[in-house]
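Asks:
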Amino acid sequence: MGHRCGTRRTPRFARRHPGQHRGRHGRCRRHAPAGLDRPLHLRALLRGAAADAGGGLRAAARAARGNLLGHPCPGPGGRGRRRARRARRQRADGARLHAGKRRPVLLPQGSRLRAVRRPDLDRPVSGRKDELAARLEQVRGRIARASAGRAGGEPELIVVTKYFPASDVAALAELGVRDVGENRDQEAPAKAAGLAGAGPAAGLRWHFIGQLQTNKAKSVVRYAHAVHSVDRPQLVAALSKAMLAVQERRSGAGLPAREDLVCLIQVDLDERPPGARPAAPGKGRGGAAPEDIAGLAGLIEQAPGLVLGGLMAVAPLGADPAEAFGRLAGLSRELRAGHPEAGMISAGMSQDLEAAVAAGATHLRVGSDVLGDRPAVG
Ligand SMILES: *Cc1c(COP(=O)(O)O)cnc(C)c1O
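So the sequence shown is residues 3 to 380, counted in the working numbering.
(1) Please list the terminal residues of the continuous beta strand (DSSP E) segment that includes Leu-308.
(2) From the DSSP secondary-structure annotation, give me the bridge partner or partners of Leu-268.
(3) By Cβ distance, which residues of its chain are closer than 6 angstroms to Asp-371, with the 5 residues on each side in sequence left out?
(4) Just curious, the alpha helix (DSSP H) that Val-222 is in, first and last residue?
(5) Could you tell me whether any non-hydrogen atom of ligand 1 is closer than 8 angstroms to the CB of Asp-371?
(6) With a threshold of 8 angstroms, establish whether the CB of Gln-353 neighbours any heavy atom of ligand 1.
(7) Among residues of its own chain, excluding the 5 on either side of Leu-123, which ones have a beta-carbon nearer than 8 angstroms to its beta-carbon?
(8) Mark Arg-147 as exposed unless 16 or more other C-beta atoms lie within 10 angstroms of its C-beta, in which case mark it buried.
(9) Are Leu-159 and Asp-187 closer than 9 angstroms when you measure CB to CB?
(10) Run the proximity test for Arg-224: is its beta-carbon closer than 8 angstroms to any non-hydrogen atom belonging to ligand 1?
(11) How many whole angstroms separate the CB atoms of Arg-367 and Gly-350, which I take to be in contact at a CB cut-off of 8 angstroms?
(12) Relative to ligand 1, is the shortest distance from any of its heavy atoms to the C-beta of His-227 smaller than 8 angstroms?
(13) Does Ser-352 come out as helix, strand or coil in the three-state DSSP assignment?
(14) Looking only at its own chain, which residues have a Cβ that is under 8 angstroms from the Cβ of Lys-243, when we skip the five neighbours before and after it?
(15) Say whether chain C places a C-beta atom closer than 9 angstroms to the C-beta of Ile-295.
(16) If we ignore side chains and look at the alpha-carbon of each, how far apart do Leu-197 and Gly-205 end up?
(17) May I ask whether a heavy atom of ligand 1 can be found less than 8 angstroms away from the beta carbon of Ile-211?
(18) Report buried or exposed for Pro-276, applying the criterion of at least 16 other Cβ atoms within 10 angstroms of its Cβ.
(19) When DSSP builds the beta bridges, which residues end up paired with Asp-181?
(20) Taking just the CA atoms, how far does Arg-335 sit from Tyr-165?
(21) Could you check where the alpha helix (DSSP H) with Val-372 kicks off and where it finishes?
(22) Find the nearest neighbour of Asp-233 within the set Leu-214, Val-248, Arg-18 and Thr-364, judged by alpha-carbon distance.
(23) Going by beta-carbon coordinates alone, are Arg-130 and Ser-169 separated by less than 9 angstroms?
(24) Just to check my reading of the structure: Gly-374 and Val-162 have Cβ atoms closer than 8 angstroms, yes? What is that Cβ distance to the nearest angstrom?
(25) Less than 8 angstroms between the CB of Lys-164 and some heavy atom of ligand 1, yes or no?
(26) Measuring straight from C-alpha to C-alpha, what distance separates Pro-318 and Glu-356?
(27) Just verifying my parser: in three-state terms, what is the DSSP assignment at Ala-173?
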């Protein structure tokens with residue numbers, strides 16, 4: 003018996019492969035897509051769908067098969083077609099065998115969800131959540147090793163989830179992450195709102211760590227617990243005004259006031275003049291000059307709705323992070339002399355978290371070593 007792909011199923015073939023090619027493409031090498039190692043399962047499901055389906059559904063099943071197997075393939079032929087016809091005749095009223103909505107065919111899970119070994123992970127992982135768990139374990143191990151013997155213990159880990167979907171943030175929350183960082187107001191509000199309802203993710207604290215335009219202040223204060231990138235007086239004013247509006251709205255709605263917005267002053271640690279710095283595509287690093295810290299701290303302290311948390315910095319590109327974070331620690335000491343409560347030092351990313359821990363960071367912002375590579379922007 004031939005089938006539509008032109009492969010013949012000879013009697014000899016049928017004897018040798020009794021379990022395969024039961025009337026359709028089982029052994030059609032030409033059309034079995036390379037690398038897809040489960041066409042037998044797919045075929046079984048789809049043949050069932052076609053046989054069970056009425057006219058319109060059968061067409062849908064046919065279309066799905068074409069897409070899933072990766073080549074345009076006509077509908078049931080030979081035995082599958084005869085069986086479909088018979089099944090339809092038997093259900094003379096044309097009733098659908100299965101109630102419910104039409105859905106794409108899903109692959110069976112379970113044993114098919116194999117663990118894969120990845121070069122940057124020290125154990126095989128199966129599925130995204132397990133991958134996140136493995137990466138998180140590795141990063142937490144690094145933090146613990148770097149913090150051994152350190153006064154004050156381990157710093158807090160803020161997992162930077164920018165560019166990664168809300169489903170990853172939810173999985174991280176289930177894995178015990180309490181603080182997440184975002185640097186783009188285009189994506190953070192929807193993620194935060196989508197996760198605010200219930201489950202472990204509802205208790206997350208959102209840290210805004212990116213460059214912030216004053217016109218985004220209103221949006222950021224709706225979801226952020228802290229803003230790490232305060233670097234100019236206009237932004238202090240905009241955040242305070244936005245916080246007052248939030249509090250007014252909440253009291254108008256009979257809701258309790260939200261806690262004050264924690265503000266960290268982002269410090270520019272690069273000592274090179276702007277022209278002498280390495281170009282960082284897509285990275286306006288920002289930050290206040292060290293001599294402007296005291297003035298900004300005074301403004302934040304005076305501003306209603308804001309509370310001064312401390313300092314934040316990114317190690318300058320191409321510079322020694324240990325040296326830069328050492329200077330940050332000195333600036334933090336100076337700040338705390340006048341503002342003893344402003345003890346946060348937010349420093350250290352995937353590449354340089356050990357140097358930040360050694361310099362006394364209280365908060366680390368780690369993205370790619372927990373979530374994997376992100377697109378080469380931002
Ligand atoms: C993206 C980002 C991070 C995280 O960087 P990774 O190298 O992915 O760990 C930390 N801080 C800021 C300000 C960022 O924008």
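By construction, the Cβ of each residue, glycine as well, lies at the ideal position given by its N, Cα and C atoms. Owing to the predicted nature of the structure, the values given are computational and were not obtained by experimental measurement.
Replies: Answer, in terms of the structure:
(1) 308–314
(2) In the sequence as presented, Leu is not what sits at residue 268; that position holds Gln. Answer is Met-314.
(3) Val-141 and Ser-352
(4) 219–225
(5) yes
(6) yes
(7) Glu-133, Ala-136, Arg-137 and Gln-140
(8) exposed
(9) no
(10) no
(11) 7 angstroms
(12) no
(13) coil
(14) Ala-219
(15) Of the protein chains in the structure, only one exists, and it is not chain C.
(16) 9 angstroms
(17) yes
(18) exposed
(19) Arg-207
(20) 34 angstroms
(21) 370–373
(22) Leu-214
(23) yes
(24) With 8 angstroms as the limit, Gly-374 and Val-162 do not qualify as a contact, their Cβ atoms being about 12 angstroms apart.
(25) yes
(26) 16 angstroms
(27) helix
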